[in-house]
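Following: one structure in structure tokens, then a few remarks.
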Amino acid sequence: MAATTPATDPPDALLAVTADAPTPARPTPAELVARAVAPVKPAFLCPPPVREAPKEEGKAAGGGAVVKVEKKSKRQLKRERQQEQKSTSHLCIEVGKSGNVDSCKYGTSCHFSHDINAYLSQKPADLEGTCPFTALGHLCPYGLTCRFLSTHKDNLAPQNHPEGNCERNPLSKEIQKLLWKSKYKFPKASAQIKLLGLKDGNKNKAEAVNDDNPDETCNLNGDDKTLLSSIPENVEPDPTLCKEIDNSGGEPLVVDSVESVEPRASKKSKVEVDETRDNEIKGPTTGIHDNEAESEVNSISGVKVSSNNQSSCKVDLITIPHLREKKIIDFREKLYLAPLTTVGNLPFRRLCKTLGADVTCGEMAMCTNLLQGQASEWALLRRHPSEDLFGVQICGPYPDTVARTVELVDNECSVDFIDINMGCPIDIVVNKGAGSSLLTKPMRIRSIVQAASTVTEKPLTVKVRTAFFEGRNRADSLVSDIYNWGASAITIHGRSRQQRYSKLADWDYIYQCAQKAPDYLHVIGNGDVFSFTDWNKHVSDCSKISTCMIARGALIKPWLFTEIKEQRHWDITSGERLNILKDFVRFGLEHWGSDFKGVETTRHFLLEWLSYTCRYIPVGLLDVIPQRLNWRPPSYYGRDDLETLMVSDSAADWIRISEMLLGKVPEGFTFAPKHKSNAYDRAENG
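Okay, so the sequence shown: first residue is 440 according to this note's numbering, each after it adds one.
Written out as structure tokens, the structure is:
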């Protein structure tokens, strides 16, 4: 609505009063910092932009009646997808790669178009720049569909341009089919679940029938309980275990819940049993395990049952090599990039490696999806050769699910460590009993760590929060025991699940937890590291802190790793920031592809990242440095037009930046960030 002009001018008396009114004094930088407002220099401040209120979904453009949106059935959606595949815009992959219509083995039955001329006539214009695969001396796997087709060198033979993805940890079709058909076997995890006396909710029907016959097998699983999904389990029954249980006169191992493992009070007696077993193996004169004894104890079938326990049949753990005998990762003072959902993808991690990161970890992957062979979930485990110290993070609610996933990752992937997420605050994860929900079930945490640590020789790490509910901290009770359970490092995020990402991280409590940790356990602090001074302070204030994990600080300014290594506040220019964005785009095209789909996928993740980088305030614009993570940035101008564009929190400006790097967006393109980047908003869920 246009503003109306008043019919008469205001009275002179009113103008005099207004002129005499004192101008409110601008708050000092110290006052702004106390209110968590960024102290931007007054010369760069500007009035806040006026934006229209977002329209309610389902309302007409003129604010009229509600527009009913017809919901399409699955059959309609499938039919539309098939018709879209047949359109000329979807060229067959093999035809596009080779440029030969006869190269597709499916021929006329192929679901995609084989009309090369029609595809080229409607294909968008090539983007500026060079094909990322051609620049590396490789044969572009996208052929005619590449958005940089004009830069391809057709005069070179394919053998001179080797094709192949240098990324590691791909999901092979053979393994995926085994996971789909529930035929992938997990001998180590299954045996360990039995030895721990835990319920196995992943048993197939054939095993359920065999368990009804006590003469053949021993019922180690109890009542079936449906978990997140059906997961493969094909393990041969152990007759030795059944015979020993029958001879002991004890009851069969039937456990009703994971929490029914031995209580914490019996931990001391259990250690004594382990020490006795170790003394029997070592012998009287030497402290080195004999090869035969070690192989006998470490064998999967080497089950030892206590014969004096008549009331219940409880099986001791498999004797595994001590953590100091496993591969050790020294996290001390290494720059650790946290696993970041959505934005912490392979191109972003690769970018952070070029800026100084030492340790990288993949995005959180759900155990159930990995065990089901979902390609989209397995893509989170991909590793670039530049990631010399790389781990994967998994998340699951039950010991059997996590143990099988750890064994699967250990067998099929190249990783240096495996991290178990026990701090994710997302509702969909917590409602399934995973993530930070485990903080309310310490006995299940114990079972998960014990079961997972015995099926792999790689270091196992755990990431937790201070507590589930604010004011009820529990992480300190885990630190003293988690090393004995099998973890080699623990990362503590200094917030509760209820806080999400609001307020500041409680580093004093992280220090308290570190003081209680055993000497061999690496304690990694996490929360609000946004400058090299923050990193220095947290590492120096507590000698038991091995290093700090950097999460949102790296999202907002990935050059934070360079600042820490060079010990300086980098007043980065807009041109240098644009070069960093160009590197990300180049890495993204190599990872997601240089065809239309790959370009748009790269654009999507670039926009997700830009929703965080807009919160960075250049050092030269601040009255007080360094910037704090919880400061609210006011409206301000940059030192040039490009910097002003980069500090905008409008999605339209983010799209303009993406068009500078990836060309025009498709018609009808819209974007809404998946995650909230305003960590200073109110706490969610209470």
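Positions of the beta carbon are idealized from the N, C-alpha and C atoms, including for glycine. Please read these numbers as outputs of a predicted model, since none were measured by experiment.
When rounded, the separation of the alpha-carbon atoms in CYS863 and GLY966 is 14 Å. Taken through DSSP and simplified to helix, strand or coil, ILE857 comes out as strand. Here LEU1068 really is in contact with GLY992; their C-beta atoms are around 7 Å apart, less than 8 Å.
Assignment of ASN808 by DSSP, reduced to helix, strand and coil, places it in the helix class.
Taken atom to atom, the span from the alpha-carbon of GLY835 to that of THR1012 is near 43 Å. Under the three-state reduction of DSSP output, GLY830 falls in the strand class.
The DSSP assignment places complete alpha helix (DSSP H) segments of no fewer than 4 residues inside the segment 980-1015 at 991-995, 999-1005, in order along the chain. Taking one beta carbon from each stretch, the segment 1101-1115 and the segment 1077-1089 have fewer than 3 pairs nearer than 8 Å; the two do not touch.
In the assembly as shown, TYR1055 is a buried residue. Its beta-carbon has 16 or more other beta-carbons within 10 Å. The criterion of a C-beta distance shorter than 8 Å is satisfied by LEU1017 and LEU1081. In this structure the segment 1028-1035 does not touch the segment 925-935; the number of beta carbon pairs closer than 8 Å is below three. In the displayed model, ASN539 falls within coil according to three-state DSSP, outside both helix and strand.
Contact annotation: VAL901 and MET861 have beta-carbon atoms nearer than 8 Å. If you check the CB distance, ASP858 and PRO957 do not come in under 8 Å. Taking TRP974 as reference, the option from PHE1000, GLY830, ASN539, GLY783 with the minimal CA-CA separation is PHE1000. By the Cβ rule, the segment 796-806 counts as touching the segment 824-833, because three or more pairs are nearer than 8 Å. In this structure, DSSP gives HIS529 a state outside helix and strand, which the three-state scheme calls coil.
A buried status is given to CYS543, since no fewer than 16 other beta-carbon atoms sit within 10 Å of its beta-carbon.
Listed as beta-bridge partners of VAL479 by DSSP are LEU1061. When secondary structure is reduced to three states using DSSP, GLY801 falls in the strand class.
In this structure, DSSP gives ILE768 a state outside helix and strand, which the three-state scheme calls coil.
Sorting LEU810, THR547, ALA1111 by C-alpha distance to the C-alpha of SER621 places LEU810 at the top.
Ranked by Cα distance from ASP639, the first of ARG788, PRO478, ARG843 is ARG843.
Measuring C-alpha to C-alpha distances from LEU566 to each of GLU909, LEU588, ALA873 identifies LEU588 as the nearest. With distances taken between CA atoms, CYS605 lies nearest to PRO580 out of PRO580, GLY830, THR590, LYS612.
DSSP places LYS902 in the uninterrupted beta strand (DSSP E) bounded by 899-904. Of the candidates TYR775, ARG885, VAL854, the residue whose Cα lies closest to the Cα of GLY636 is ARG885. Apart from the 5 residues on each side of it in sequence, ARG1025 sits with its Cβ closer than 8 Å to the Cβ of PRO571 in its chain, given in chain order. In this structure, ILE1094 keeps its C-beta atom at 8 Å or more from the C-beta atom of MET1085. PRO881 and GLN631 have their C-alpha atoms spaced approximately 19 Å apart.
By DSSP's assignment, SER552 forms a beta bridge with LEU530.
If you draw a straight line from the Cα of VAL841 to the Cα of LYS773, it comes to about 27 Å.
For the pair GLU846 and LYS627, the CB atoms are nearer than the 8 Å cut-off.
In this model, MET803 and CYS852 are separated by some 15 Å (Cα to Cα).
In the DSSP annotation of this structure, the continuous segment of the alpha helix (DSSP H) that includes ILE614 starts and ends at 612-619. Counting the other Cβ atoms within 10 Å of the Cβ of LEU785 gives 16 or more, which makes it buried.
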